[in-house]
Structure formats: C-alpha cells, structure tokens
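Worksheet: one structure, shown below.
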Amino acid sequence: METLRILMIGDVVGEPGLEALERRLPALIARYSAGFTVVNGENAAAGFGLTGETLDRILAAGADAVTGGNHIWEKRDFWPVLDSGQPVLRPANYPPEVPGRGILRLEKAGVLLTVINLQGREQMRPIDCPFRCFDRLYGETAAAGPASGTKPEPSIILVDFHAESSREKEALAYYLDGRASVVAGTHTHVQTADERILPGGTAYITDLGMTGAKNGVIGMDPRICLDRARTHIAYRMECAPGPETLIQGIAVTLNEQGRAAAVERILDNP
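The opening position of the sequence shown corresponds to residue 1 in this note's numbering, with each subsequent residue numbered one higher.
Here's what the structure looks like:
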C-alpha cells in the first residue's frame, strides 16, 4: 500500500451543516488528496438524527462512510435505512437486536478499510462496553479477511468514538493504539487541540468538532440554549441560523504499514 490520506469530519448539524458540506467538502477532499472520507451525520436532520434524504446528501458531497451516535435513533422512519446496506453506521455496542450495524468493511483502491462506530458510557446511556466491543470486532475482522477474496494489505481501521468524557476517549485511544489507524472522538461538537500520534502509530483527537453554523452554541440557536440554561426548561432546540458556517475534522496521512505518519486539524472557516 502506498501512503493514504484520510479525512474524518465532525458532526454535521442541520441544514447549515449540510449546505457547508455540499459546498466545500469536495474542495477539501481535493486539497488534502484524500482517498477516503468519514463524516459523522447523527445531527444532520434539523439537528437530531438522520433521514434518507440527509444521508443521500452527505454521501453525494463525498463521504465514503457516515457514522452515528446516540441521536441516530431520533427519526424512526430512518431505522430501516440502517439495515439497507448503505454505508451508514450506528454505534456497534448497542444491543444486537437493534437496527443497523456498527462496522463497515470496504475495499477502495486496493486497500481494505474498516470503519467502526462506538459509543461511550460515561455520562451517557450505560450500553455495552466499547472496549470489549472493539476487541470482539477486531477479532472478527482479522478472521474474516478481505471481503472480495483478494488480499490488500494492510487493513486500515478507523474508529469514530461518540462519547461525552474526554477521559474515556483518551483511554480507548491508548487501548486501541497500534490496532486502529485512527481514533477520533465525536459528540461534543467542540474541536479539541490535542491531535497527535500515539506511540503505537494511531492518530488521535479527542473531538473532531462539528460542521454547521459558526455563530451558535454547538451549532444550535444560542437564544434557545440560553433560555434552557437560565430556566432549566427543555425548550425545543433548533439549529442556529447561517450564513456563516464551518467544517471541522482531521486529515491523517497513513504510511505503507497503515500507521499514522501525520495528523492535521481541519478548520475550514471561510
């Protein structure tokens, strides 16, 4: 395998995020010569969940895989899409009887790529252990081999860890160091400045950030967020208005062995 550039893009928030992605993701892919792009889409449908239309728009903008999180369940009409074979994931550590899958294996340009979506448990729903879930999926991936019967090497594993706790995110990253090529946190919508390469060659960032309205509170209308904070009444959230938007994420360069050679934060804020 020659060197490969990966883009991982933070949570797309509503129509402002979708429009930003449609306008500017193709140029970002070209700028970074990216061979594979992962986008978190769990907030794409008016800030909560996904629909078939919003998924199609993210894929058409250039995403190869779309990951989710705790809001993936918001739109019940979307649940059948999770089982439709489209390249969209929900966290793998939900119970197995729920719709969808948490792992996607793709072969692109002779390289086998595996995308795994996991969800944290600290300050979130106490679902199955993400650490043990990864161990199980990692073992299954190694046993399965290439989907096409060919043998592209090495296997690239990209992990979207949708979690609240920065401690839990860092702990998982060190646990996966040397097995995953990239571990990227999502969920908080606030991009962190701790991108780095761990000792075993895994690229890591605590949170990719978000794709959405620049002048909002994690992409949502600041007036409503202020009312909720002051009154403790759960007013219905709405996306912040545009027109200023940003795209946040990381670009990772992988070497011939599938280990990270470089990681760069993306802040596309024209």
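Glycine residues also receive a C-beta, built at the ideal position from the N, C-alpha and C atoms. Remember, it's a predicted structure, so these values are computed and weren't measured experimentally.
Alpha carbon to alpha carbon, how far is residue j from residue i? Give it in angstroms, no decimals.
i: Gly62; j: Ala45; result: 18 Å
i: Gly49; j: Ile58; result: 13 Å
i: Tyr32; j: Arg5; result: 7 Å
i: Pro241; j: Ala180; result: 37 Å
i: Glu122; j: Ser165; result: 6 Å
i: Ala184; j: Ala163; result: 10 Å
i: Leu176; j: Thr202; result: 8 Å
i: Cys239; j: Met210; result: 13 Å
i: Arg230; j: Pro16; result: 26 Å
i: Ala171; j: Val190; result: 19 Å
i: Ser155; j: Gly139; result: 13 Å
i: Thr114; j: Arg24; result: 25 Å
i: Gly41; j: Leu106; result: 19 Å
i: Ile29; j: Val81; result: 26 Å
i: Ala60; j: Asp221; result: 27 Å
i: Val111; j: Tyr235; result: 47 Å
i: Glu53; j: Ala27; result: 22 Å
i: Glu97; j: Asp83; result: 12 Å
i: Gly85; j: Gly69; result: 18 Å
i: Met8; j: Thr37; result: 6 Å
i: Ile224; j: Ile218; result: 12 Å
i: Val12; j: Pro199; result: 31 Å
i: Leu20; j: Pro95; result: This sequence places Ala at residue 20; Leu is not what is there. So the alpha carbons of these two residues sit roughly 34 Å apart.
i: Asp75; j: Asn43; result: Looking at the sequence provided, one finds Lys at residue 75 rather than Asp. Near 11 Å, if we compare the C-alpha coordinates of Asn43 and Lys75.
i: Leu158; j: Thr67; result: 11 Å
i: Glu256; j: Gly35; result: 14 Å
i: Ile116; j: Asp160; result: 6 Å
i: Leu276; j: Leu254; result: Limits of the chain in this structure are 1 at one end and 270 at the other, which puts residue 276 out of reach.
i: Thr188; j: Asp56; result: 24 Å
i: Lys169; j: Glu22; result: 29 Å
Here's the rule I'm using: 16 or more other beta-carbon atoms within 10 Å means buried, otherwise exposed. How should residue i be labelled?
i: Lys151; result: Low local confidence applies: a pLDDT of 49 at Lys151 is under 50, so the model's placement there is unreliable, with the coordinate-based value given in what follows. So Lys151 ends up on the exposed side.
i: Thr206; result: buried
i: Thr3; result: exposed
i: Asn269; result: exposed
i: Glu153; result: Only weak support exists for where Glu153 lies, its pLDDT of 49 falling under 50; the value from the coordinates is given anyway. The residue in question, Glu153, is exposed, as its Cβ has fewer than 16 Cβ neighbours within 10 Å.
i: Pro91; result: buried
i: Gly178; result: exposed
i: Leu267; result: exposed
i: Cys133; result: buried
i: Ile250; result: buried
Could you pull the DSSP bridge partners for residue i from this structure?
i: Cys239; result: Met220
i: Glu107; result: Leu112
i: Ile58; result: In DSSP, Ile58 forms no bridge with anything.
i: Phe36; result: Ile6
i: Leu117; result: The question names Leu, but residue 117 is Asn in the sequence shown. Asn117 is bridged to Asp160.
i: Asp11; result: Met210
i: Ala184; result: Asp160, Ile205
i: Arg196; result: Tyr204
i: Val88; result: Val66
What first and last residue would you give for the alpha helix (DSSP H) that runs through residue i?
i: Arg173; result: One detail in the question is off: residue 173 reads as Ala in this sequence, not Arg. Looking at the DSSP string, the run of the alpha helix (DSSP H) that includes Ala173 is 166–176.
i: Ala27; result: 14–31
i: Leu82; result: 79–82
With a cut-off of 7 Å, does the C-beta of residue i fall near any C-beta of chain D?
i: Ser166; result: Absence of chain D from the displayed structure is noted, only one protein chain being present.
Just reading off the beta strand (DSSP E) that residue i is part of, what are its end residues?
i: Met210; result: 210–213
i: Arg265; result: 260–268
i: His71; result: No beta strand (DSSP E) contains His71, which DSSP labels as neither H nor E.
i: Val252; result: 245–254
With a threshold of 6 Å, establish whether the CB of residue i neighbours any heavy atom of the ligand MN.
i: Ser181; result: No copy of the ligand MN occurs in the structure displayed, which carries no ligand at all.
For the segment 255–265 against the segment 239–247, do three or more pairs of beta-carbon atoms, one drawn from each stretch, fall closer than 8 Å, so that the two count as touching?
no
Evaluate the contact criterion for the segment 89–105 versus the segment 179–197: three or more CB pairs, one atom per stretch, below 8 Å.
no
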